[in-house]
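Quick notes on the structure that follows.
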Amino acid sequence: MGLVTINDLLTERKDRVALYRTWAYGLGEMYEDFVRKDDDDVRFEAGWHGAKARAAGIHASEMSGECRRQVWYSLMGEQREDKELDPFWKKRFRIGHMYHAMVQEDWRRLCEKSNGKMTFESEVRIAPELQEIAAQYDIHSSNDGVICFHEYAGGPPVLRVGLEIKTESPDQFKDLKEPKQMHLRQTCVYMKCLDLPLMWTMYINKGNQNIVPSKPPFTFSFDFDLWNQIEAEMNSVIDFATRNEEPPRKESMGCEFCGYSWVCQPDVLKKKDRREAAKKARAVQQKRLRVIGIGGIRVPKGLNK
Ligand code: SF4
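Be aware that the sequence shown starts at 17, since it is given in this note's numbering, and climbs by one per residue.
Following this line, the structure appears as structure tokens:
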């Protein structure tokens, strides 16, 4: 009995499912209350993996976008590279990792203080050797965490809720009315692999640290239709890989962050490189004109401003 697996959404009594949902919807307030009262000395480890560290195979984050060629590269074991990404973005990603580590540590401590009524597993791995569905599609990923409610201290679980932490800039957070489609797709893969009935996408505002409520639409049930769609897409990528044929590019702004852009060479980035080269050339030319003047005559100091 409980809301522990996806199948429980279909077989558990409706009133019990409704009750367990209300527990999940209370996670946000529970977190705020924990932080309010928290006066512990805290240390935690934070870190990130470089782009090259990824295992070959399908990754949930790559299934979140629209480009299937990216998934194909990953499946074929192509090397990822992102060292040329603008430091502006890299610094943002690093701060995101720091938030993840802090919030995961908060949930670990919060559950530890529940005296066995709640448990938290951080960075729950998804890999072919761990789950049947991951083996079927060669999926490698990890979910930020799984929160478990237990019938009694140390007893069997009665509710399992996935936790996916997302950080947003103040402007993005202000416009956030529901989880982003890309995050719904990513978490759908986690939910299927880890057999999670519910998920909370815990968006955090990086400007003021506000979080979204743990209620709908930010807490949601496993979406059977979305999974069917994702599964069909994965099968299509596997078909391309079997034929050793590249799927078509789906170019977008996301190409700038794609670890395979160095091998894919999308037009959108070539155009961007050309625009940036032209901008640099214009800046050099303007500087030169300020110094020597249009007719090649050196402009006296003080007049070249
Ligand atoms: S660079 Fe763009 S088009 Fe190419 S694989 Fe990556 S996301 Fe797809």
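The C-beta atom is built at its ideal place from N, Cα and C for all residues, glycine as well.
*When you compare only the Cα positions, how much space is there between Ala299 and Leu305?*
Here the question's residue 299 lines up with position 283 in the sequence shown. Here the question's residue 305 lines up with position 289 in the sequence shown. Distance between the alpha carbons of Ala299 and Leu305 is about 10 Å.
*Near Arg29, what residues of its chain come up, given a Cβ to Cβ distance below 6 Å and the 5 sequence neighbours on each side ignored?*
Reading the sequence shown from its first residue, position 13 is the one you call residue 29. Hits under 6 Å: none found.
*Does the beta carbon of Leu285 fall short of 8 Å from some heavy atom of ligand 1?*
Locating residue 285 in the sequence shown gives position 269, counting from the first residue. Checking the Cβ of Leu285 against ligand 1 gives yes.
*Closer than 8 Å: is that where the CB of Pro265 sits relative to any heavy atom of ligand 1?*
In the sequence shown, the residue the question calls residue 265 occupies position 249. The sequence as given places Arg at residue 265; Pro does not occur at that position. At least one heavy atom of ligand 1 is nearer than 8 Å to the Cβ of Arg265, so yes.
*Nearest-angstrom beta carbon gap, Cys83 and Lys266 [assumed within contact, 8 Å]*: Indexing the sequence shown from 1 puts residue 266 at position 250. Indexing the sequence shown from 1 puts residue 83 at position 67. Indeed they touch by this definition, with Cβ atoms about 4 Å apart.
*Any chance you could list the beta strand (DSSP E) runs of at least 3 consecutive residues sitting entirely within the segment 156-193, in chain order?*
157-166, 173-184
*Among Thr183, Lys303, Val33, Phe136, which has the Cα closest to the Cα of Gly170?*
Position 154 of the sequence shown, counted from the first residue, corresponds to residue 170. Of the candidates Thr183, Lys303, Val33, Phe136, the one whose C-alpha sits nearest the C-alpha of Gly170 is Phe136.
_Checking 9 Å against the spacing of the C-beta atoms, do Ile142 and Ile163 come in under that value?_
Along the sequence shown, read from residue 1 onward, the residue named residue 142 stands at position 126. Along the sequence shown, read from residue 1 onward, the residue named residue 163 stands at position 147. Taking 9 Å as the Cβ cut-off, Ile142 and Ile163 do not qualify as a contacting pair.
*By how many angstroms is the C-alpha of Gly270 removed from the C-alpha of Lys296?*
Taking the first residue of the sequence shown as position 1, residue 296 is located at position 280. Taking the first residue of the sequence shown as position 1, residue 270 is located at position 254. The alpha-carbon atoms of Lys296 and Gly270 are separated by roughly 23 Å.
*Heavy atom of ligand 1 less than 8 Å from the Cβ of Ser130, yes or no?*
On the sequence shown, position 114 is the one that residue 130 refers to. False, no ligand heavy atom lies under 8 Å from that Cβ.
*What residues in its chain sit with their C-beta under 8 Å from that of Met92, if we drop five residues either side in the sequence?*
Within the sequence shown, residue 92 is the residue found at index 76, counting from 1. The residues are Ala72, Ala257.
_Segment limits, alpha helix (DSSP H) that includes Trp216_ = The sequence position of residue 216 within the sequence shown is 200, counting from 1. Careful: Trp216 lies outside any alpha helix (DSSP H), inside the beta strand (DSSP E) at 214-221.
*Does DSSP put Phe136 in a helix, a strand or coil?*
As a position in the sequence shown, residue 136 is number 120, starting the count at 1. Here Phe136 sits in strand by DSSP.
_Where Leu101 sits in the DSSP three-state scheme_ = Counted from its first residue, the sequence shown places residue 101 at position 85. If DSSP states are grouped into helix, strand and coil, Leu101 belongs with coil.
*Kindly examine ligand 1 and report whether one of its heavy atoms sits closer than 8 Å to the Cβ of Arg85.*
Reading the sequence shown from its first residue, position 69 is the one you call residue 85. Yes, Cβ of Arg85 sits closer than 8 Å to a heavy atom of ligand 1.
*Use the C-beta contact count for Lys321: other C-beta atoms within 10 angstroms, 16 or more gives buried, fewer gives exposed.*
Residue numbering aside, residue 321 sits at position 305 when the sequence shown is read from its first letter. For Lys321, the predicted structure reports a pLDDT of 48, less than 50, and the residue's modelled location is therefore unreliable. A value from the coordinates is still provided. The residue in question, Lys321, is exposed, as its Cβ has fewer than 16 Cβ neighbours within 10 Å.
*Keeping to the same chain, check which residues put their C-beta closer than 6 Å to that of Gly44; ignore five residues upstream and five downstream.*
If you number the sequence shown from 1, residue 44 lands on position 28. Once the five neighbours on either side are set aside, the close Cβ partners of Gly44 are Pro229, Ser230.
*Is Phe238 near Cys209, with beta carbons less than 9 Å apart?*
Counted from its first residue, the sequence shown places residue 238 at position 222. Counted from its first residue, the sequence shown places residue 209 at position 193. No.
*Which of helix, strand or coil does DSSP assign to Arg141?*
On the sequence shown, position 125 is the one that residue 141 refers to. Looking at Arg141 - three-state DSSP - the assignment turns out to be strand.
_Ser268 Cβ short of 8 Å to ligand 3 heavy atom set_ = Judged by which ligands are present, ligand 3 is missing from the structure shown, whose ligands are ligand 1.
*asked:* Using a Cβ-based criterion (distance less than 8 Å to any ligand heavy atom), does Ser252 qualify as near ligand 1?
replied: Along the sequence shown, one-based indexing puts residue 252 at 236. No, the Cβ of Ser252 stays beyond 8 Å of every heavy atom of ligand 1.
*Other residues of its chain near Met114: CB distance less than 7 Å, five sequence neighbours each side excluded*: As a working mapping, residue 114 is identified with position 98 in the sequence shown. Excluding residues within five positions, the ones whose Cβ falls inside 7 Å are Ala62.
*Exposed or buried, what is Glu261 when buried is set at 16 or more other beta-carbons lying within 10 Å of its beta-carbon?*
Locating residue 261 in the sequence shown gives position 245, counting from the first residue. Glu261 should be labelled exposed.
*Can you find a heavy atom of ligand 1 that lies under 8 Å from the Cβ of Ser277?*
Position 261 of the sequence shown, counting from 1, holds the residue named residue 277. Checking the Cβ of Ser277 against ligand 1 gives yes.
_Ser237: first and last residue of the uninterrupted beta strand (DSSP E) it sits in_ = Numbered from 1 along the sequence shown, position 221 holds the residue referred to as residue 237. Unbroken beta strand (DSSP E) run through Ser237: 235-237.
*asked:* Just checking Pro282 against ligand 1 - is the residue's beta carbon closer than 8 Å to any of the ligand's heavy atoms?
replied: For the purposes of this step, residue 282 is taken as the residue at position 266 of the sequence shown. Yes, since a heavy atom of ligand 1 falls inside the 8 Å radius drawn around the Cβ of Pro282.
*asked:* Quick check: is any heavy atom of ligand 1 less than 8 Å from the C-beta of Ile73?
replied: If you number the sequence shown from 1, residue 73 lands on position 57. It is worth fixing the name first, because residue 73 is Gly in this sequence and not Ile. It does not: the Cβ of Gly73 is nowhere closer than 8 Å to a heavy atom of ligand 1.
*Pick helix, strand or coil for Lys321, following the three-state DSSP scheme.*
To locate residue 321, count along the sequence shown from 1; it is residue 305. Legend: pLDDT at Lys321 = 48, less than 50; position of this residue unreliable, value from coordinates given subsequently. Coil at Lys321, not helix or strand.
*Same chain only: Cβ atoms within 6 Å of Val284, ignoring 5 sequence neighbours per side*: Locating residue 284 in the sequence shown gives position 268, counting from the first residue. Same-chain partners within the cutoff: Glu267, Cys271.
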